[in-house]
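This report concerns only the one structure given below.
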Amino acid sequence: MIHVHGPLLFFHVFVVIFQTTNSKTVEAEALLKLKESFQNATVLDSWKPGTEPCAQGKHWVGVVCAHGVVSGLLLGHSGLSGKIDVDALVLLSRLRSVAFLSNSFSGPIPDFNRLGALRGLYISDNQFLGEIPSDYFSKMAGLKKVWLSRNEFSGPVPSSLARLSQLLELHLENNQFSGTIPPLEQKNLVSLNLSNNNLEGEIPAGLLKFSPNAFQGNAGLCGGNSGRACDHSATPSPDSPKDHNSKNGLKIAIWVIVAVILVLLLIIVAVIAILLMRRTQETLFDAPVKENLDTPVRTYSTNVKKDINSNRKGFGSAYRAVSSRRGKPAGDLVLINNDNGSQFGMSDLMKAAAEVLGNGSLGLSYKAMMDGGATVVVKRIKEMNKTGRDKFDAEMRRLANLKHKNLLRILAYHYRKEEKLLVYEYQQKGSLMFLLHGDRGISHADLTWPVRFKIIQGIARGLGYLHTELSTHELPHGDLKSSNVLLTRDYEPLLSDYGFCPLISSSQAAEALSAYKSPEAALNLHVSPKSDVFCLGVMILEILSGKFPCQFLLNAQGGTDLVQWIRSAIQEGREADLLDPDIANAKNFQSGMVQLLHIGAACTETNPDRRLDLREAIRRIDDIDTCQRG
């Protein structure tokens, strides 16, 4: 046994304290150095000298912490540009995941390969360009998830990707990669998208398990699930007359093809010129739709405000204005709910001043301020092509006829085969997610215990109504999460984005909808109304703890696993430790809070058969003593 004497023990404790303090200082200084390299970094106002990135209950925006140290950066959809200072990132020794999705960074790919311990790299939807060195990933052996999609990368796909033994997800779609696909033979690779590049050659045998969608848009690919057979026939000898004649014939064919292409290009240019003379750019439909990464980073109002209509050109003037009688097409805008007497058509919408509110699981949302004073939210959805126009119209009218004080009703829709517009009444207070996580210290202070109870009760009742009126749906809601709960001036919750399951494909639903994050869906893609109950439970736990749940994030990267964290704490009798500090001080009401924690835990049982029935959950919420509601 080693005996440590008093002075030596004191010295040891002093060194530990010094090292911990020094580590926090290094992290803060590194992140502040990183922030200095960004432009338009107002979203990072919480990154301030003299504060700690992982301070309990006051994490810096976009910073993910594990055991008090920085483990990830979730800075997607933040309006950032400039340079990413990798020198600063290197100082974060425990950094495992970086996400800069949907910003405005450009130039060659930064030296992220200096971060050898990285597990996840997400830089999709920027303007990065150029070739990536073939050995770029060779020193990143632990990398599991690589998202480089929707940039302007070119050249060969880096061969070092094939040597990442732990690779789970690889997304390179919508770039300009060329050449052949490296031999990606990783058995654990479960998500792959190489579509819309300039790849050619035979698809490696190890990728036969992936659908044709993973390879579409690459005319030169063959074999596998591409739908094109590879020509493995031997070529004639170079010296044979047949080969000589073939080459001459090939040259003539090439010249003919070139001539035809030039003629077609001239025709296309002429048609485009005519169309441009007849209409202005359709801004609403031409804006890129980006992949979803719901993060607690604020993308509303004062921080990331993106006018898509300089000089108030609005969404565009491509649609003629006609009568806006109820239920009739109004410049292809169909009004299905105007109980408040509002009348507007597509032309009014196209001229409206607009800003991007955020990017949800199904598409972008815009705030549109029309000349007449009306303000609406327009949601643009691309992945709603499961039904034709008549079935779509019938479903929209069915949803518009639902009437409950806790539902946000659809005002109008616009139908195109490729994408749809849904129009809702604008709610000034925004989403529950924003109030809980987007601006702590300002609007978050309004979420007192009585307000939170009112929100939980309203969400449960609204969901109960949907489960009654849409009982034939596999998922009456399907995408219940805090970003899809809007709040009125009186903090009455309004559920949005409900009832879409019959309108979108199963594959898109599995990728986008929150109900598919339930345990049973994760295991075998089986969903049921009990999956909605799981989402309700997660929301209850989120509202009570004030923590952002990883269950709402793309691939669960970041956030807190609320279900497991709270279940463990309940088993240890530590319920009071789970409560958001902003309400935990309301000692007189803790009994009601603890009751709700147990209801949330019962709604998130792993086995759906043991999960609380929705009607029983609503009854238990309503039965909480009035004195405990505040």
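Going by mature numbering (1 follows the signal peptide of the UniProt record, and there is no 0), the letters in the sequence shown line up with residues -23 to -1, 1 to 607, in that order.
All C-beta atoms, glycine included, are put in the ideal place defined by N, C-alpha and C.
Taking the CA atoms as reference points, Glu469 sits about 10 Å from Val462. Excluding the 5 residues flanking it on each side, Val123 has same chain C-beta neighbours closer than 6 Å at Leu98, Leu147, in chain order. Take Gln153, set aside five residues on each side of it, and the residues of its chain with a beta-carbon closer than 7 Å to its own are Glu129, Phe130, Ser131, Asn174, Asn175, in chain order. Short of 6 Å from the beta carbon of Val400, and not among the five residues preceding or following it, lie these beta carbons of its own chain, in chain order: Val353, Val355, Leu388, Ala389. In this structure the stretch 504 to 520 touches the stretch 574 to 585; the number of beta carbon pairs closer than 8 Å is three or more.
For Phe192, the closest C-alpha among the options Leu166, Lys164, Ile158, Cys207 is that of Ile158. Contact annotation, Val504 with Glu451: C-beta distance approximately 6 Å; criterion of less than 8 Å satisfied. Judged by DSSP in its simplified three-state form, Ala331 adopts strand. DSSP, reduced to helix, strand and coil, places Phe105 within a strand of the structure shown.
As a beta-bridge residue in DSSP terms, Cys199 pairs with Glu179.
In the DSSP assignment, Phe154 falls within the beta strand (DSSP E) that extends over 153 to 156.
Exposure of Ser568 is indicated by the presence of fewer than 16 other C-beta atoms within 10 angstroms of its C-beta. Less than 8 Å separates the beta-carbon of Ala492 from that of Ser508. The C-alpha of Ser23 lies about 35 Å from the C-alpha of Ala487.
In this structure, the beta-carbon distance from Leu471 to Leu385 falls below 8 Å. The three-state reading of DSSP puts Glu6 in helix, counting H, G and I together.
When only Cα atoms are considered, Asn170 and Glu150 end up about 6 Å apart. Bridge pairing for Lys344: Glu332, Val354 [DSSP].
If you look at Trp124, you'll find it isn't in any alpha helix (DSSP H); it sits in the beta strand (DSSP E) that goes 122 to 124. Out of Ile313, Asp208, Leu144, the CA that lies nearest to the CA of Asp370 is found in Ile313. Cys31 sits in coil when the DSSP states are folded into three classes, being neither helix nor strand. Counting of Cβ neighbours within 10 angstroms places Val248 among the exposed residues, the total staying below 16. Of the residues Ser338, Lys121, Asn90, Met346, the one whose Cα lies closest to the Cα of Ala331 is Met346. According to DSSP, Gln16 shares a beta bridge with Ser58.
For Glu372, the three-state secondary structure derived from DSSP is helix.
Look at Ala579 here: in three-state DSSP terms it is helix.
Rounded to the nearest angstrom, the gap between the Cα atoms of Leu57 and Asn80 is 5 Å.
His414 and Val428 have their C-alpha atoms spaced approximately 16 Å apart.
Counting only runs of 4+ residues, the alpha helix (DSSP H) found wholly inside the stretch 534 to 602 occupies 539 to 548, 558 to 561, 567 to 580, 591 to 599, in chain order. In the DSSP assignment, Tyr401 falls within the unbroken beta strand (DSSP E) covering 397 to 402. By the Cβ neighbour-count rule, Ser342 is buried, with 16 or more other Cβ atoms within 10 Å of its own. Here the stretch 56 to 73 makes contact with the stretch 8 to 20; the two share three or more CB pairs at distances below 8 Å.
Only residues of its own chain outside the window of five on either side were considered, and among them Glu552, Asp554, Leu555 have a CB closer than 8 Å to the CB of Ala546, listed in chain order. Within the same chain, no residue comes within 6 Å of Asp423 by CB-CB distance, once the 5 residues on both sides are set aside. By the criterion of a C-beta distance shorter than 7 Å, Lys431 is surrounded in its chain by Tyr468, once the five residues flanking it on both sides are discounted. Between Glu162 and Cys207, the C-beta spacing is not below 8 Å.
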